[in-house]
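Using the numbering used here, read the sequence shown as starting at 45 and increasing by one per residue.
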Amino acid sequence: MSRSPKGSGALPSAIVREVDSPAAMVELGRLLGMRLRAGDVVLLSGELGAGKTTLMRGLGEGLGVRGPVTSPTFVIARRHPSLVGGPDLIHADAYRLGSAGEFEDLDLADEQAVVCVEWGRDRAEQLSARRLEIDIETVGEGRTVRIAGIDRTVPL
Ligand SMILES: Nc1ncnc2c1ncn2[C@@H]1O[C@H](COP(=O)(O)OP(=O)(O)OP(=O)(O)O)[C@@H](O)[C@H]1O
Ligand SMILES: [Mg+2]
45 MSRSPKGSGA LPSAIVREVD SPAAMVELGR LLGMRLRAGD VVLLSGELGA
95 GKTTLMRGLG EGLGVRGPVT SPTFVIARRH PSLVGGPDLI HADAYRLGSA
145 GEFEDLDLAD EQAVVCVEWG RDRAEQLSAR RLEIDIETVG EGRTVRIAGI
195 DRTVPL
């Protein structure tokens, strides 16, 4: 697969991981979280119960933010302050939002934080061109996780 020119906002080639337990999902999230920086945006896609929040739990651990990272469904977005002098984590769930316009009204863009959005596809792209897109697919008892985006996250 060819790589996109830097700064175009297009995503480079993806990596794919088979993840067969919730613990392995948390661990994958932790590895990702260790590689994220302020201003990064992560969009998570996958059906109800795919494991988006489970991955986010690890991502919060990897970033070193105050937990627990749980589903923000009823508050839509929650800020987790850094415990290590790094970027805060803003964790949002856009499931109940109808459109990119409604999402934009939340005003979540924050260059000092890492912003992660469950159900973010087609709603949260305008947050940043520097983003990671994660797709989780249920396969039997396990999950297939496809990660595309920011180059430095790819060599997990
Ligand atoms: N890789 C995995 N393999 C097997 N089970 C998993 C895996 N990842 C998560 N799970 C399990 O799937 C269930 C749903 O996980 P989770 O709440 O993270 O999904 P979600 O995508 O955030 O759901 P929602 O769409 O409701 O926000 C949990 O019981 C979790 O332990
Ligand atoms: Mg969730």
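Quick reminder that beta carbons are idealized off the backbone N, C-alpha and C, glycines included.
Residue range 96-107 is occupied by the alpha helix (DSSP H) that includes G104, with no beta strand (DSSP E) assigned at that position. By the neighbour-count criterion, in which a residue is buried when 16 or more other Cβ atoms sit within 10 angstroms of its Cβ, T98 is buried. V86 is classed as buried because its beta carbon has at least 16 other beta carbons within 10 Å across all chains shown. At least one heavy atom of ligand 2 lies less than 8 Å from the C-beta of E162.
E155 sits in coil when the DSSP states are folded into three classes, being neither helix nor strand. CA-CA distance, V183 to V189, rounds to 10 Å. L76 sits in a helix when the DSSP states are folded into three classes.
Residues A138, L141, R167, A168 of the same chain have their beta carbon placed closer than 6 Å to that of F147, with the five preceding and five following residues left out of the count. E105 and L76 have their C-alpha atoms roughly 10 Å apart. When DSSP states are grouped into helix, strand and coil, G145 belongs to the helix group. The distance from the Cβ of I191 to that of G95 is about 13 Å, inconsistent with a contact at the 8 Å cut-off. The closest heavy atom of ligand 2 lies less than 8 Å from the beta carbon of D137. Placement of the Cβ of T188 at a distance of 8 Å or more from every heavy atom of ligand 2 is found. Following the DSSP letters along the chain, one finds G186 inside the beta strand (DSSP E) bounded by residues 186-193. About 6 Å separates the beta carbons of D154 and I134, which is inside the 8 Å limit, making them a contact pair.
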